[in-house]
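Here the structure comes first, spelled out in structure tokens, and everything after it is commentary.
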Amino acid sequence: MAEQAGPVRVRYAPSPTGVTHIGGARTALFNYLFARHHQGAFLLRIEDTDRARLQPGSEAQIKEGLTWIGLHWDEPPIVQSEHLPRYRAAAEQLLSSGAAYRCFCTPERLEQMRAEQRARKEPERYDRRCAAIPPEESDRRALAGERFVIRQRMPAQGTTTLHDLIMGTVEFRNDTLDDHVLLKSDGYPTYHLAFAVDDHDSRISHVIRGDGWLPSAPKHLLLFQAFGWEPPAFAHLPLVHGPDHKPLAKRHGARNILEYRDAGYLPEAVVNFIAFLGWSPGTTQDLFTMPELIDAFTIERVQPSPAVANLERLDWLNGQFIRRLPDDDLARRLSPWLPQASPDQIRPLVPLVKERLQTLAQAPDLLAFFFGEPAPLPADAVKDRPAMRQRIEAAVRRLEEAPAWSEVELESRLRATADALQIKHGDFFMALRIALTGRRVTPPLIPSMVQLGRDRVLAILRQRLTELAAG
RNA sequence: GGCCCGUUCGUCUAGUUGGCCCAGGACGCCGCCCUCUCAAGGCGGAAAUCAGCGGUUCGAAUCCGCUACGGGCUACCA
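The numbering of the first sequence is my numbering, which starts it at 14 and goes up by one.
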């Protein structure tokens, strides 16, 4: 595969018609990793030439999503709607060279034409009725105010060959190519025109995009040729599928990438997760930081087959990354999830939950008993009230005498208490756990008691005794 | 319909210069250990006739052909 001369420059070019989902984020990430791996530039381009489908907050959402997963663009984003004269001039250039022509066909005629082609079971393509209009007549009608689009004139024969970095060599017969529209009658370019002009003007070296574009790649190659420009290298990424093996759509994972943030996922984990969708390093390492990804990423190792997003793996990855976070860092990230607690209050609790969290969102529930009242005693847990009371009373007596409130001290006193009661340590700990938190699943009991503090622990236990006596 | 892409455990994949692969790793699942619950961690296990068929070859997941299945594109959308 011939390497492009000059610096590596790539771009992620979303259209602001929605949000960035997993698939889009992956396209962006692969572009970013490729750029950084080659010390190149990563650009952002907003493809807003479809005014009908434009969505107001979309651009901001896209930028926020990219920023969240740590993809920073190196130059101010290019916004296509701001460059209309440039596209028009480019189209004019093609017009005068004969590589494109004005088409005056109405939408109605085109629809009728297609209906007839369908009926005859022919490929639905523009029939090139306007291709033969002499330039003078074309100019005259345009001047007279007749509405038109500009279409690219495809070669009648021969083949166009694409050397794709992922898909390999793909050959297309030119006579199967449609004379697609380059400039719409509203003066806006279509994707094809804007793509070629912008990628050329931005000196893009590699186009890494979804493989939905593969069928139009030959037209793009021809378009570069018509302009007399050196085309970029191409890499078409296979789609990301949902669990049902259908392309990712609203019905499953096609959620805004930011929803993963809101669900308590770490951007590190999300990045690691999407990096492995269709790519692998070829080693057994499965946890990568961004710098490691940049170092390991090569486009040749991207799979040509679509990947199914396996969200269970994301959960596992998230837990792994949480555990690798320094405690101070985890405390900081937990802070928004525990608005009732100050950073100083959160920090000492981090070691209690660090190994138990799969997402940050689980922290509030796990730590609830530290803030506010403990949950009511579960009904099934107090079936044997006398036993429960006995255990709590014994614990209170021992704890009141504790000279120090440390893990070592509490552990030895509690174990001694269990021995005195002649019950299994585990059973005794469980009784205390339920008394203290109202739950059977909590962070480890003794460290939790230490954090809760002597006064609070004794207060809760006495309160429970009162409840048990009353109820 | 036409053009194009794809097909290794449930999932992500290793494998790509044919033999070291009766196919390796990870998630998930199951079991055991550790253990105050839950996790985490450790150890082990089940799980892929490499889509099918036919070639080439001493030898194929790896090369070739056909078929099947899945998917994309086929707009004055990107």
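Where is the CB? At the ideal position from N, CA and C, for every residue including glycine. Owing to the predicted nature of the structure, the values given are computational and were not obtained by experimental measurement.
How would you write the range of the beta strand (DSSP E) that residue i sits in, first residue to last?
{"i": "residue 165", "result": "162-165"}
{"i": "residue 55", "result": "54-59"}
{"i": "residue 139", "result": "Segment: none, residue 139 is in no beta strand (DSSP E) and carries neither H nor E."}
In the DSSP assignment, what are the bridge partners of residue i?
{"i": "residue 78", "result": "According to DSSP, residue 78 bridges with nothing at all."}
{"i": "residue 177", "result": "181, 247"}
{"i": "residue 202", "result": "196"}
{"i": "residue 411", "result": "Answer is none; residue 411 lacks a bridge partner."}
{"i": "residue 222", "result": "249"}
{"i": "residue 260", "result": "254"}
{"i": "residue 24", "result": "56"}
{"i": "residue 292", "result": "315"}
{"i": "residue 115", "result": "163"}
{"i": "residue 186", "result": "172"}
{"i": "residue 92", "result": "59"}
{"i": "residue 321", "result": "254"}
Out of the options, which one is the CA nearest neighbour of residue i?
{"i": "residue 441", "options": "127, 409, 415, 414", "result": "409"}
{"i": "residue 485", "options": "182, 23, 131, 329", "result": "Coverage of the chain is limited to positions 14 through 484, which leaves residue 485 absent and any answer about it impossible."}
{"i": "residue 273", "options": "21, 26, 35, 25", "result": "35"}
{"i": "residue 160", "options": "152, 166, 385", "result": "152"}
{"i": "residue 325", "options": "344, 278, 357", "result": "278"}
{"i": "residue 162", "options": "176, 139, 127, 198", "result": "198"}
{"i": "residue 54", "options": "85, 72, 79, 411", "result": "85"}
{"i": "residue 234", "options": "287, 19, 251, 173", "result": "173"}
{"i": "residue 178", "options": "406, 221, 294, 382", "result": "221"}
{"i": "residue 51", "options": "218, 479, 398, 298", "result": "218"}
{"i": "residue 406", "options": "340, 480, 454, 389", "result": "480"}
{"i": "residue 183", "options": "464, 230, 80", "result": "230"}
{"i": "residue 64", "options": "321, 482, 31, 310", "result": "31"}
{"i": "residue 303", "options": "244, 473, 285, 342", "result": "285"}
{"i": "residue 185", "options": "171, 66, 398", "result": "171"}
{"i": "residue 305", "options": "339, 38, 49", "result": "49"}
{"i": "residue 437", "options": "404, 357, 155, 369", "result": "404"}
{"i": "residue 89", "options": "97, 76, 98", "result": "76"}
{"i": "residue 62", "options": "95, 74, 33, 39", "result": "95"}
{"i": "residue 260", "options": "181, 462, 336, 225", "result": "225"}
{"i": "residue 268", "options": "38, 116, 128", "result": "38"}
{"i": "residue 454", "options": "397, 375, 413, 323", "result": "375"}
{"i": "residue 28", "options": "346, 47, 57", "result": "57"}
Assuming residue i contacts residue j (C-beta within less than 8 Å), just tell me the rounded distance between them.
{"i": "residue 91", "j": "residue 211", "result": "6 Å"}
{"i": "residue 113", "j": "residue 166", "result": "6 Å"}
{"i": "residue 456", "j": "residue 366", "result": "6 Å"}
{"i": "residue 237", "j": "residue 228", "result": "Between residue 228 and residue 237 the Cβ distance is about 17 Å, and since that is not below 8 Å, they are no contact."}
{"i": "residue 190", "j": "residue 247", "result": "Contact flag wrong, Cβ pair sits at about 16 Å."}
{"i": "residue 164", "j": "residue 193", "result": "7 Å"}
{"i": "residue 143", "j": "residue 115", "result": "7 Å"}
{"i": "residue 402", "j": "residue 478", "result": "6 Å"}
{"i": "residue 317", "j": "residue 180", "result": "6 Å"}
Output yes or no for whether 8 Å exceeds the beta carbon distance between residue i and residue j.
{"i": "residue 44", "j": "residue 23", "result": "yes"}
{"i": "residue 485", "j": "residue 270", "result": "Nothing can be reported for residue 485: it is not among the residues displayed for the chain, which extend from 14 to 484."}
{"i": "residue 100", "j": "residue 207", "result": "yes"}
{"i": "residue 209", "j": "residue 240", "result": "yes"}
{"i": "residue 387", "j": "residue 450", "result": "yes"}
{"i": "residue 377", "j": "residue 420", "result": "no"}
{"i": "residue 362", "j": "residue 334", "result": "no"}
{"i": "residue 315", "j": "residue 295", "result": "no"}
{"i": "residue 254", "j": "residue 319", "result": "yes"}
{"i": "residue 93", "j": "residue 60", "result": "yes"}
{"i": "residue 447", "j": "residue 390", "result": "yes"}
{"i": "residue 67", "j": "residue 41", "result": "no"}
{"i": "residue 433", "j": "residue 423", "result": "no"}
{"i": "residue 412", "j": "residue 471", "result": "yes"}
{"i": "residue 282", "j": "residue 323", "result": "no"}
{"i": "residue 310", "j": "residue 47", "result": "yes"}
{"i": "residue 321", "j": "residue 251", "result": "no"}
{"i": "residue 117", "j": "residue 154", "result": "yes"}
Would you kindly report the start and end of the unbroken alpha helix (DSSP H) that includes residue i?
{"i": "residue 426", "result": "420-434"}
{"i": "residue 169", "result": "From DSSP, residue 169 is part of no alpha helix (DSSP H); its letter is neither H nor E."}
{"i": "residue 278", "result": "Careful: residue 278 lies outside any alpha helix (DSSP H) and carries neither H nor E."}
{"i": "residue 343", "result": "340-347"}
{"i": "residue 438", "result": "438-450"}
{"i": "residue 108", "result": "97-110"}
{"i": "residue 482", "result": "467-483"}
{"i": "residue 269", "result": "Here residue 269 belongs to no alpha helix (DSSP H), and DSSP marks it neither H nor E."}
{"i": "residue 366", "result": "363-366"}
{"i": "residue 151", "result": "148-156"}
{"i": "residue 238", "result": "230-240"}
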